[in-house]
Every structure is written in C-alpha cells, then in structure tokens.
Amino acid sequence: MSTNYSSQSSGSAGPMRRSNKKKICRFCADFQIFIDYKEPKLLGTFVTERGKIIPRRVTGNCAFHQRRIQESVKRARILALLPFTTIYQV
Amino acid sequence: MSQKTRAYETVYIIRADLAEDVEKKIQDKVAEVVARFGGKIESSKDMGKRPLAYRIAKHTKGHYIQLNYEGTGQTVEELERHLRLSEDVVRFLTVRPAAHPVVAQPQPQPQPQEVVQ
Chain C
0 MSTNYSSQSS GSAGPMRRSN KKKICRFCAD FQIFIDYKEP KLLGTFVTER GKIIPRRVTG
60 NCAFHQRRIQ ESVKRARILA LLPFTTIYQV
Chain W
0 MSQKTRAYET VYIIRADLAE DVEKKIQDKV AEVVARFGGK IESSKDMGKR PLAYRIAKHT
60 KGHYIQLNYE GTGQTVEELE RHLRLSEDVV RFLTVRPAAH PVVAQPQPQP QPQEVVQ
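These protein sequences, in sequence, are chains C and W. Once you know that position 24 of the first sequence is 23 in numbering that gives the first Met the number 0, the rest is easy, because the numbers rise by one and skip nothing. Once you know that position 62 of the second sequence is 61 in numbering that gives the first Met the number 0, the rest is easy, because the numbers rise by one and skip nothing.
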C-alpha cells in the first residue's frame, strides 16, 4: 500500500517533517465565539474553495468544536448559505 | 398522551421578489399556524434578502426569516406541512437551538506540553 506521508511535502522524496508547534483551537481560545449555522462568514473559513469541510488536522480545531462546525456547515448548506459544491452542471 | 413542549427554531426562505404586503401576509399566516397548534412565538427575525449559494427552483435570491417558538412535535409537523405546501416558500429548516454558548462551552485544561521526539 502506498503511503502518502510525503504527499504534502514540497516535492521532495523524504518523509514529511511535522512541526512540533501545537495548533490551538480558535473556539477554545475564545469561547465567546458561537458556532452558528446562520453565519456563513464564519463557517466559510472552515470550508475549501470547492465547499468541502476542512479536516481538523489542518485547521487545528478540537474534536468538540469540529463537530459543531460540521453540523453547522451541513445545516448552512441546506439553507443555501453555503454551497454543497461549486461545480455546477451547465 | 402528554406531549413535551420544547424550543424550536425555524428558518424559512421566501421568494425575494414579493411585494411587502404579500410578505407580511405569509408571515402572519405562519404565525397563525404556529399559534393554532399550541405554539408560542418568542421572536421573529428578518435575516434579510441574501443571495442563495446555489439555485433552488430557479431562484437565485431569497428572503430569510427566522422564527423562534415553543411548541410540541405536532406544532413543528403542522408548520412544516404548511411551509411545504406554500409556493412562495423556497426552503425551510427547523432545529432545536443550541444552549447559550457562553455558559455551555467546556473550559479546556491547559496541559503541560510534551515535545515528542
């Protein structure tokens, strides 16, 4: 099975270096922020250009808040506040 | 049969190109349906006209209205039935609102960080 350890390294063949710096969850740092499905501006920062939810290994969210984000993004999609996808059938 | 009263939040989208008095009529009708089936409206908020992230039934804009109320499961059922039958309603979503954030957030314990070699 081909592993993709090096998939994110910039083209070099060696194993990917992981930085020791611990990412902190934005919402734990500032618990005034409420994750709400009615706020597409906030949720949009946790979604790729194509509308996919960014994994928490990238954003640094904790599991608790990632679940809130996930739920909220999915609700926002139903209300057409966020896209399901940006590829449309023409 | 005892039915529990809970807080609900419904956001519904109506067409953006309606006259104001028609919009008013739709909202009054919704309020009436909620009241008729044992609901109590707490607040109604106009979230304004927004572009839709994708087209729904050829609409590209929608007028969002948020409704917070208390009621039973039957209230929700009837309200959703009403919204579904109404042709000016583009989309709706009912959720149970989350507890207020500032109280509900868990306080993370700052742990001494170990550097894994």
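Quick reminder that beta carbons are idealized off the backbone N, C-alpha and C, glycines included. The structure presented is a predicted model; accordingly, all values stated were derived computationally and were not measured.
Close-in-space but distant-in-sequence residues of the same chain around residue i (CB under 8 Å, 5 per side omitted)
i: residue 81(C); result: 39, 42, 43, 46, 50, 72, 75
i: residue 103(W); result: Bear in mind that the predicted position of residue 103(W) carries a pLDDT of just 49, short of 50, making it too unreliable to give a figure here.
i: residue 3(C); result: Summary for residue 3(C): the model assigns pLDDT 49, below 50, so the residue's position carries little reliability, and this model does not support an answer.
i: residue 32(C); result: 25, 26, 41
i: residue 21(W); result: 87
Member of the options whose CA lies at the smallest distance from the CA of residue i
i: residue 87(W); options: 44(W), 64(W), 2(W), 4(W); result: 64(W)
i: residue 51(W); options: 90(W), 5(W), 9(W); result: 90(W)
i: residue 23(W); options: 35(W), 36(W), 43(W); result: 43(W)
i: residue 12(W); options: 18(W), 41(W), 45(W); result: 45(W)
i: residue 63(C); options: 30(C), 48(C), 86(C), 79(C); result: 30(C)
i: residue 14(W); options: 27(W), 61(W), 7(W), 2(W); result: 61(W)
i: residue 49(W); options: 37(W), 16(W), 38(W); result: 16(W)
i: residue 94(W); options: 86(C), 78(C), 55(C); result: 78(C)
i: residue 9(W); options: 48(C), 37(C), 52(C); result: 37(C)
i: residue 36(W); options: 84(W), 80(W), 58(W), 59(W); result: 80(W)
i: residue 72(W); options: 27(W), 18(W), 28(W), 38(W); result: 38(W)
i: residue 70(C); options: 85(C), 20(C), 18(C), 52(C); result: 52(C)
i: residue 85(W); options: 7(W), 6(W), 25(W), 2(W); result: 25(W)
6 Å Cβ shell around residue i - same chain, five flanking residues per side excluded
i: residue 67(C); result: 34
i: residue 82(W); result: 11, 88, 91
i: residue 27(C); result: 61
i: residue 65(C); result: 55
Residues near residue i in its chain [Cβ-Cβ closer than 7 Å; skip 5 each side]
i: residue 59(C); result: 22, 23, 24
i: residue 47(W); result: 63
i: residue 41(W); result: 67, 68, 69
i: residue 55(W); result: 89, 90
i: residue 33(W); result: 40, 68, 70, 74, 78
i: residue 83(C); result: 50, 76
i: residue 0(C); result: With a pLDDT of 48 at residue 0(C), under the threshold of 50, the predicted position of this residue should be treated as unreliable, though the coordinate-derived value follows. Taken in chain order, the list of residues that qualify is empty.
i: residue 124(W); result: A query on residue 124(W) cannot be resolved here, the shown segment of chain W reaching from 0 to 116 and no further.
Where the beta strand (DSSP E) through residue i begins and ends
i: residue 65(W); result: 58–70
i: residue 12(W); result: 5–14
i: residue 52(W); result: 39–55
i: residue 90(W); result: 88–94
Residue span of the alpha helix (DSSP H) that contains residue i, given as start and end
i: residue 34(W); result: 19–35
Beta-carbon neighbours of residue i, restricted to chain A and to distances below 8 Å
i: residue 74(C); result: Looking at the structure shown, chain A is missing, and the protein chains on hand are C and W.
Residues in the region 33–48 of chain C with C-beta within 9 Å of chain W's C-beta atoms, listed in sequence order? Sequence-ordered contacts of the region 33–48 of chain C with chain W read 33, 34, 35, 36, 37, 39 [C-beta pairs closer than 9 Å].
Contiguous alpha helix (DSSP H) assignments of at least 4 residues, all confined to the region 28–85 of chain C: Entirely contained in the region 28–85 of chain C, the alpha helix (DSSP H) runs reaching 4 residues are, in chain order, 39–42, 55–58, 62–77.
Taking a cut of 8 Å between CB atoms, which residues from the region 8–27 of chain W lie near chain C? 10, 12
Note down, in chain order, all residues in the region 56–73 of chain W with a beta-carbon under 8 Å from any beta-carbon belonging to chain C. From the region 56–73 of chain W, only 61, 63, 65 have a Cβ closer than 8 Å to chain C.
Taking any Cβ of chain C, which residues in the region 33–59 of chain W have a Cβ under 8 Å from it, in chain order? 46, 49, 51, 52, 53, 55
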